[in-house]
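Below you'll find the structure, written out as structure tokens, and then a few comments.
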Amino acid sequence: MSIHNKDIADVFEQVADLLEIKGDNPFRIRAYRNAARTVGNLSRNVSDLISQEEDLTQYPGVGKDLAGKIEQVATTGELKLLERLRRQIPGELSELMKIPGLGPKRVATMYHELDISKPDQLQKAAEAGEIHELPGFGCKIEQNILDEVKRLSEEKYHQLKLTEAEQFAEPLIDYLKKVKGIKKITIAGSYRRRKDTVGDLDILATCQEGSKLMDRFVGYEDVEKVVSKGQTRSTVLLRSGFQVDLRIVPQVSYGAALMYFTGSKDHNIAVRKIALRKNLKLNEYGLFRGKKRIAGKTESHVYEALGLSFIEPELRENRGEIEAVYNGKGLPDLLTLNNVRGDLHIHTKYTDGHHTIRQMAEAAKNRGYEYIAITDHTKRLTVTGGLNVKELHKQMKEIEEVNENTKDMTILKASEVDILKDGSLDLPDSVLKELDLTVCAVHYTFGLSKEKQTERIMKAMDNPYFNILAHPSGRLINERQAYQVDMEKIMNAAKNGGCLLELNAHPDRLDLDDVHCQMAKEIGVKIVLSTDAHRMDGLDTMRFGVGQARRGWLGAENVANTRSLKELREIFNRN
DNA sequence: GCCGTTTTCGGCCCGACTGTTTTCAGTCG
403 MSIHNKDIAD VFEQVADLLE IKGDNPFRIR AYRNAARTVG NLSRNVSDLI SQEEDLTQYP
463 GVGKDLAGKI EQVATTGELK LLERLRRQIP GELSELMKIP GLGPKRVATM YHELDISKPD
523 QLQKAAEAGE IHELPGFGCK IEQNILDEVK RLSEEKYHQL KLTEAEQFAE PLIDYLKKVK
583 GIKKITIAGS YRRRKDTVGD LDILATCQEG SKLMDRFVGY EDVEKVVSKG QTRSTVLLRS
643 GFQVDLRIVP QVSYGAALMY FTGSKDHNIA VRKIALRKNL KLNEYGLFRG KKRIAGKTES
703 HVYEALGLSF IEPELRENRG EIEAVYNGKG LPDLLTLNNV RGDLHIHTKY TDGHHTIRQM
763 AEAAKNRGYE YIAITDHTKR LTVTGGLNVK ELHKQMKEIE EVNENTKDMT ILKASEVDIL
823 KDGSLDLPDS VLKELDLTVC AVHYTFGLSK EKQTERIMKA MDNPYFNILA HPSGRLINER
883 QAYQVDMEKI MNAAKNGGCL LELNAHPDRL DLDDVHCQMA KEIGVKIVLS TDAHRMDGLD
943 TMRFGVGQAR RGWLGAENVA NTRSLKELRE IFNRN
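To get the working numbering, take the position in the first sequence, counting from 1, and add 402.
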């Protein structure tokens with residue numbers, strides 16, 4: 403059994419939950435949570451680090467004791483401390499803590515007084531009216547528990563894909579902007595950091611005194627429940643179950659508040675520690691020396707007053723960005739949409755796309771691109787009407803014709819070639835060599851073991867006509883887990899063999915993810931940003947890929963399709 | 001349990017809102 407970083411992080415989170423319910427030392431609990439975050443955010447596999455005898459205490463929040471416990475979980479899959487805790491209190495109690503409004507104290511009270519350890523017991527007790535009689539509880543808390551248990555059981559609520567979140571966010575912002583006296587309004591939080599999924603929406607605003615902004619917010623037609631309402635902060639649930647927070651701050655604090663509400667939490671904690679080291683205090687109202695505010699109006703002012711340079715929102719994950727600006731090493735010049743000069747993964751009516759080669763080329767030209775690659779599927783993918791050799795030749799001929807009639811734009815002859823189960827490619831080499839480039843992908847047999855799946859892809863990359871590994875993990879956000887694969891091994895092989903990895907910009911995929919983008923950069927393998935567009939407007943999803951690339955610290959120099967066509971052709975010629 | 005420009009002990013981010021009380025504990029982000 404292979405232990406993933408997430409497994410280790412989950413074990414530590416459970417330990418922290420149970421210690422919290424027990425009423426253990428809060429700082430010991432925080433230590434377990436910090437270590438869980440550190441392990442969960444590592445770009446390299448902890449099991450590999452251990453087998454290479456690397457010192458785990460080099461990572462923040464990991465000391466001698468926790469390094470030993472990490473090793474214990476990684477090698478045995480279990481942690482003796484957690485087993486011991488579970489003998490004292492039921493492990494399911496940590497599940498109850500996931501219910502909003504229930505923390506360690508309330509869960510502990512319900513367990514000790516009413517022997518409640520599972521959601522169904524909780525629901526029964528709440529329905530029987532037993533909860534509101536407990537000390538510190540009341541009717542509102544009991545009703546809230548009933549609502550939340552019901553909501554969670556319906557699974558109505560989950561992390562939204564960035565594109566879904568946009569669909570809620572944009573009309574709401576337009577609606578709020580119409581209120582009298584509003585000055586600034588911005589969506590902060592993970593949305594601003596361009597995270598692939600968003601748990602809730604954090605909106606930040608400044609407005610004139612007496613503005614009815616807060617009333618307008620809770621009165622929005624899509625609001626199902628007002629969770630809390632105050633003068634500076636309110637929380638609502640939309641009908642879809644999506645949570646939205648609005649915070650109103652004074653103009654003079656706008657930058658500090660934007661920083662605070664953009665997060666991430668880990669980034670904020672780290673920045674506040676720097677403030678403390680300089681005898682300053684940072685909160686959402688500003689940066690203070692004693693009672694005097696020395697910065698707060700803009701984010702740049704706050705960073706500057708702390709002796710740091712501005713950090714782009716996408717980098718604020720406490721994954722080394724603070725050290726980089728603190729030690730003067732500096733941050734990379736991040737990729738922008740303007741850097742992208744072409745899209746190298748596009749489908750047409752030849753297979754499962756909706757538009758013709760000419761239409762897709764026109765759409766790309768309208769977006770300022772210099773080149774595109776037409777990459778329809780190969781025959782193995784029958785469900786898409788994958789092309790056989792004869793059909794592919796017909797398509798290549800049409801591409802030549804369209805090229806002759808298109809100015810300032812080159813259409814590359816390409817294919818999204820299926821990687822078969824045995825690692826061979828779904829087109830003969832004699833045909834592959836006629837193409838300008840290939841985008842190769844796994845589309846079936848996702849369930850292979852990690853070793854077999856890795857071996858399959860590495861064998862495919864041995865083919866001299868293999869150029870780009872498309873959607874390398876195969877994940878579909880909120881729908882399908884990534885298949886098991888040793889990404890570090892694949893990236894090293896790609897680098898040595900002159901292959902590239904795709905960052906698929908489709909908001910359902912965003913594959914590679916941010917952590918793997920950073921890994922690719924460290925290893926030195928080049929990335930290609932592509933949309934996998936099946937229609938003309940599909941080309942517009944490039945911006946999601948750019949956000950993800952920025953989260954992965956990528957600059958234009960790390961991305962192949964920021965190069966000229968001439969340079970690109972050299973990259974794709976492996977012979 | 002971790003950590004160190006206050007360094008081997010003593011601190012660890014901090015403010016808003018709710019529901020319960022009646023001055024504050026619990027939870028959240």
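Note that CB positions come from ideal geometry on N, CA and C, so glycine has one too.
- Distances from the alpha-carbon of Lys408 to those of Tyr622, Arg435 and Gly425 put Arg435 closest.
- According to DSSP, Gly899 shares a beta bridge with no other residue.
- Ranked by Cα distance from Arg858, the first of Glu881, Ala951, Glu802 and Lys891 is Lys891.
- For Glu494, same chain residues with a beta-carbon under 7 Å away, outside a window of 5 residues either side, are Ser519 and Lys520 in chain order.
- Closest in alpha carbon position to Glu723, among Leu483, Gln523, Gln920 and Gly479, is Gln920.
- According to the DSSP secondary-structure assignment, Asp602 is paired through a beta bridge with Gln645.
- Within the stretch 753-803, the complete alpha helix (DSSP H) segments at least 4 residues long are 759-768, listed from N- to C-terminus.
- Taking C-beta atoms under 8 Å as the contact rule, Lys781 and Asn768 fail to qualify, at a distance of about 32 Å.
- Contact annotation, Thr784 with Lys823: C-beta distance approximately 15 Å; criterion of less than 8 Å not satisfied.
- Burial is judged here by how many other beta carbons sit within 10 angstroms of a residue's own beta carbon; Arg679 has fewer than 16 and is exposed.
- Proximity to Ala411 across Phe570, Glu473 and Ile423 peaks at Glu473, based on C-alpha coordinates.
- For Glu626, the uninterrupted beta strand (DSSP E) run begins and ends at Val625 to Lys631, by DSSP.
- Residue pairing from DSSP places Lys586 in a beta bridge opposite Thr608.
- Taking one beta carbon from each stretch, the stretch 568-588 and the stretch 531-546 have fewer than 3 pairs nearer than 8 Å; the two do not touch.
- About 12 Å separates the beta carbon of Leu498 from that of Leu516, a gap too long to meet the 8 Å contact definition.
- C-alpha of Leu606 to C-alpha of Ala726: approximately 28 Å in a straight line.
- With at least 16 other beta carbons inside 10 angstroms of its own, Phe644 counts as buried.
- A Cβ-Cβ contact shorter than 7 Å links Leu746 with Asn963.
- In terms of Cα proximity to Arg971, the closest of Phe690, Ala922, Cys901 and Gly770 is Cys901.
- Put simply, of Ala884, Gly732, Ala775 and Glu853 the residue whose alpha carbon is nearest the alpha carbon of Leu967 is Ala775.
- Note that the C-beta distance between Leu733 and Ala707 is not below 7 Å.
- Counting along the chain, Glu485 sits inside the alpha helix (DSSP H) bounded by residues Lys482 to Gln490.
- Here Gly825 has Arg858, Lys861 and Ala862 as same chain residues with Cβ atoms under 6 Å from its own Cβ, once five neighbours each way along the sequence are excluded.
- Its Cα nearest to that of Lys526, the residue Glu544 stands out among His514, Ala510, Glu853 and Glu544.
- Gly688 carries a strand assignment under DSSP once its states are collapsed to helix, strand and coil.
- About 7 Å separates the Cβ atoms of Asp838 and Phe974, confirming a contact at the 8 Å cut-off.
- For Leu717, the closest of Met661, Thr758, Gly770 and Lys424 by C-alpha to C-alpha distance is Met661.
- Distance check between Ala922 and each of Glu959, Thr933 and Asp942 places Glu959 closest, using alpha-carbon atoms only.
- For Lys854, the enclosing alpha helix (DSSP H) starts and ends at Lys852 to Asp864.
- Annotation for Arg635: the continuous beta strand (DSSP E) segment containing it runs Arg635 to Leu640.
- Looking at the DSSP output, Arg695 shares a beta bridge with Phe690.
- With 16 or more other Cβ atoms from the protein chains shown falling within 10 Å of its own Cβ, Glu550 counts as buried.
- For the 7 Å CB-CB criterion, Pro462 and Thr478 do not form a contact.
- Burial is judged here by how many other beta carbons sit within 10 angstroms of a residue's own beta carbon; Leu739 has fewer than 16 and is exposed.
- Pairing Gly698 with Thr786, the inter-Cα distance amounts to about 54 Å.
- According to DSSP, residue pairing for Ser496 in a beta bridge does not occur.
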